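What follows is a short report on a single structure.
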Amino acid sequence: MSPLSGSGANPLRDTADRRLPRIAGPSGLVIFGVTGDLSRKKLMPAVYDLANRGLLPPGFSLVGFARREWANEDFAQVVHDAVKEHARTPFREEVWQQLIQGMRFVQGTFDDDDAFERLRSTIEELDKAQGTGGNFAFYLSVPPGAFPVVIQQLKKHGLADQKGGSWRRAVIEKPFGHDLRSAEELNAIVHEVFAPDQVFRIDHYLGKETVQNILALRFANTMFEPIWNRSFVDHVQITMAEDIGIGGRAGYYDGIGAARDVIQNHLLQLLALTAMEEPASFDADALAAEKTKVLGAVRLPKDLGRDTVRGQYAAGWQGGEKAVGYLQEEGIDPKSKTDTYAAIKLEIDNRRWAGVPFYLRTGKRLGRRVTEIAVVFQRAPHSPFDHTATEELGKNAIVIRVQPDEGVTVRFGSKVPGTSMEIRDVSMDFAYGESFTESSPEAYERLILDVLLGDSNLFPRTEEVELSWKILDPIEVYWDQNGKPAQYPAGTWGPVEADEMLERDGRSWRRP
Ligand code: BG6
Numbered sequence: 001m002s003p004l005s006g007s008g009a010n011p012l013r014d015t016a017d018r019r020l021p022r023i024a025g026p027s028g029l030v031i032f033g034v035t036g037d038l039s040r041k042k043l044m045p046a047v048y049d050l051a052n053r054g055l056l057p058p059g060f061s062l063v064g065f066a067r068r069e070w071a072n073e074d075f076a077q078v079v080h081d082a083v084k085e086h087a088r089t090p091f092r093e094e095v096w097q098q099l100i101q102g103m104r105f106v107q108g109t110f111d112d113d114d115a116f117e118r119l120r121s122t123i124e125e126l127d128k129a130q131g132t133g134g135n136f137a138f139y140l141s142v143p144p145g146a147f148p149v150v151i152q153q154l155k156k157h158g159l160a161d162q163k164g165g166s167w168r169r170a171v172i173e174k175p176f177g178h179d180l181r182s183a184e185e186l187n188a189i190v191h192e193v194f195a196p197d198q199v200f201r202i203d204h205y206l207g208k209e210t211v212q213n214i215l216a217l218r219f220a221n222t223m224f225e226p227i228w229n230r231s232f233v234d235h236v237q238i239t240m241a242e243d244i245g246i247g248g249r250a251g252y253y254d255g256i257g258a259a260r261d262v263i264q265n266h267l268l269q270l271l272a273l274t275a276m277e278e279p280a281s282f283d284a285d286a287l288a289a290e291k292t293k294v295l296g297a298v299r300l301p302k303d304l305g306r307d308t309v310r311g312q313y314a315a316g317w318q319g320g321e322k323a324v325g326y327l328q329e330e331g332i333d334p335k336s337k338t339d340t341y342a343a344i345k346l347e348i349d350n351r352r353w354a355g356v357p358f359y360l361r362t363g364k365r366l367g368r369r370v371t372e373i374a375v376v377f378q379r380a381p382h383s384p385f386d387h388t389a390t391e392e393l394g395k396n397a398i399v400i401r402v403q404p405d406e407g408v409t410v411r412f413g414s415k416v417p418g419t420s421m422e423i424r425d426v427s428m429d430f431a432y433g434e435s436f437t438e439s440s441p442e443a444y445e446r447l448i449l450d451v452l453l454g455d456s457n458l459f460p461r462t463e464e465v466e467l468s469w470k471i472l473d474p475i476e477v478y479w480d481q482n483g484k485p486a487q488y489p490a491g492t493w494g495p496v497e498a499d500e501m502l503e504r505d506g507r508s509w510r511r512p
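Put into structure tokens, the structure is as follows:
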């Protein structure tokens with residue numbers, strides 16, 4: 001038998017045991033925008049959690065860069081407080097004491113050449129004191145307007161150069177552009193300084209366990225894939241609902257809105273993972289190729305007025321408390337037309353999915369926080385039962401529960417016990433919490449570790465980002481030129497127009 005035939009393992013694949021913990025080699029992380037919310041709530045705690053799990057090298061270094069007049073000790077105190085408040089794993093003094101050895105703060109603004117020189121010498125000092133080997137990732141947790149200047153400064157001060165076998169990487173937070181044109185411009189700026197394999201664009205949904213599980217569910221099993229197509233699937237619903245409002249993020253959110261904030265990235269990535277073909281392997285190139293293919297096959301509805309809806313929350317009640325409307329939120333222009341809710345219908349032009357609608361919706365101040373992908377199946381083509389027996393039977397569905405109650409639900413019909421024949425929906429549940437003793441790492445733990453390891457599987461590529469904007473741009477333009485967002489009271493499931501959108505297709509949204 002030839003080495004490539006048969007059903008055994010593919011000898012061309014690498015032989016690393018993927019179950020073993022992957023530990024980062026000598027390295028450090030520089031965070032720009034270190035005083036921001038993301039840094040405090042997610043990045044600093046994730047670094048600590050990685051250290052606590054023994055996944056960082058002993059000399060790992062963390063450098064903060066910001067305008068504040070802080071000494072190294074002040075920065076360390078801020079990290080300490082953030083870790084105490086937000087870390088997932090327990091605080092251990094010995095881990096903290098080791099981490100603090102490699103903590104430095106560089107004071108300056110992004111256009112300050114002296115500050116970038118200080119950053120360069122700080123990195124050189126850490127290479128000597130901590131053995132970081134010149135390997136540094138630069139995390140740009142900064143407003144999009146600041147990306148170009150930071151990237152240019154890294155270039156100007158030689159910080160992007162990979163000398164003597166060391167590596168330099170750029171980690172870029174969303175939003176990656178505001179539309180296709182700005183994303184292309186940004187890509188051009190980034191790639192003038194960093195090669196594609198040095199750039200890591202964050203979409204933190206890809207770091208979530210349940211999102212990676214979409215691939216496991218589809219491609220490590222035999223029972224789902226044969227029915228995962230137009231012959232069996234009626235439609236797919238992807239929901240990302242949040243109960244929170246915009247909080248203190250008026251400056252970021254107004255003018256961006258729900259579709260740009262999360263459909264362009266998180267929801268279209270979920271669509272890509274749900275709809276793509278099986279990649280040849282789980283490596284970054286193979287995954288990106290399939291995601292790119294399916295995103296390139298997405299088709300917009302002909303009538304954007306009929307098949308898209310945008311909404312804005314009005315005052316209402318949430319969790320027993322009064323919630324103000326979006327236009328009354330602090331810092332919001334009272335005439336703002338920004339969407340806090342968006343629902344769109346997409347189709348995919350390929351043999352697997354032709355004619356199967358994918359409905360995507362997201363919103364702030366909705367009934368509850370839930371993200372899920374529901375693959376809803378067609379009704380049985382023929383029923384031997386009386387129609388009264390199946391009157392209350394819905395459509396079969398496989399629901400991937402991304403959060404908060406992580407798991408998978410399969411919904412199907414079952415006979416109600418008794419002497420009559422009545423069939424009703426029941427569900428079979430897999431819950432992470434019950435099946436596994438390990439708790440799931442935070443998305444940012446996984447993603448920061450992957451950056452340090454140079455593993456780019458879970459980071460969207462240039463093409464994916466640009467294709468996603470290509471999908472969204474015409475919708476944004478249409479919304480811009482046509483009317484205002486529909487209002488919905490806070491704490492409800494969005495505007496009635498979104499319900500009507502599905503009713504016109506003879507379907508309805510799930511109420512998770
Ligand atoms: C971010 C959005 O990307 O995702 C926020 O900018 C949103 O508006 C957040 O609240 C939700 O993330 P998660 O992990 O809580 O679902």
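Numbered according to full-length UniProt numbering, the sequence shown terminates at residue 512, and the numbering increases by one at each position without gaps.
Ideal placement from N, C-alpha and C gives every residue a C-beta, glycine not left out.
Just so we're clear, the structure is a prediction, and the values are computed from it rather than from any experiment.
The beta carbon of His204 sits closer than 7 Å to at least one heavy atom of the ligand BG6. In this structure, the alpha-carbon of Ser121 lies about 22 Å from that of Pro148. Per DSSP, the beta-bridge partners of Pro489 are Ala314. By the CB criterion at 8 Å, Ala183 and Phe176 fall inside the cutoff. Excluding the 5 residues flanking it on each side, Gln130 has same chain C-beta neighbours closer than 6 Å at Gly59, Ser61, Gly102, in chain order. Cβ contact annotation for Gly319 (same chain, cutoff 8 Å, sequence separation greater than five): Asp243, Gly491, in chain order. Secondary structure of Arg68 (DSSP, three-state): coil. As the crow flies, the alpha-carbon of Gly25 is around 55 Å from that of Leu393.
In this chain, the alpha helix (DSSP H) harbouring Glu290 covers 284-296.
Just so you know, the alpha carbons of Arg401 and Asp17 end up roughly 28 Å apart. If you check the CB distance, Tyr326 and Thr340 come in under 8 Å. Exposure of Trp317 is indicated by the presence of fewer than 16 other C-beta atoms within 10 angstroms of its C-beta. Contact annotation, His204 with Tyr432: C-beta distance approximately 18 Å; criterion of less than 8 Å not satisfied. Here Ser468 has Gln264, Leu268 as same chain residues with Cβ atoms under 6 Å from its own Cβ, once five neighbours each way along the sequence are excluded. Residues of the same chain with a CB within less than 7 Å of the CB of Ala297, apart from the 5 flanking positions on each side, are Ile348, Asp349, Asn350 in chain order.
Sequence-distant partners of Glu422 (beyond 5 residues in either direction) whose C-beta falls short of 6 Å from its own C-beta, in its chain, are Ala389, Val416.
For Ile373, the secondary structure class from DSSP, reduced to helix, strand or coil, is strand.
Taking Glu466 as reference, the option from Leu186, Leu20, Pro45 with the minimal CA-CA separation is Leu186. Counting C-beta atoms within 10 angstroms of its own C-beta, Ala275 has 16 or more neighbours from the protein chains shown and is therefore classed as buried. Judged by DSSP in its simplified three-state form, Ala343 adopts strand. In terms of side-chain proximity, the C-beta atom of His86 is found no nearer than 7 Å to any non-hydrogen atom of the ligand BG6.
Fully contained in the region 405-464 are the following beta strand (DSSP E) runs of length 3 or more, in chain order: 407-415, 423-431. A distance criterion of 7 Å places the beta-carbon of Gln403 in contact range of the ligand BG6, judged by its closest non-hydrogen atom.
Taking 7 Å as the cut-off, the C-beta of Glu242 counts as close to a heavy atom of the ligand BG6.
Shown here for Val262: same chain residues with a beta carbon closer than 8 Å to its own, the five before and five after excluded, namely Met240, Thr362 in chain order. Here DSSP, grouped into helix, strand and coil, assigns Met501 to helix. Checking the 7 Å criterion, the Cβ of His178 is out of range of every heavy atom belonging to the ligand BG6.
Here DSSP, grouped into helix, strand and coil, assigns Ala275 to helix.
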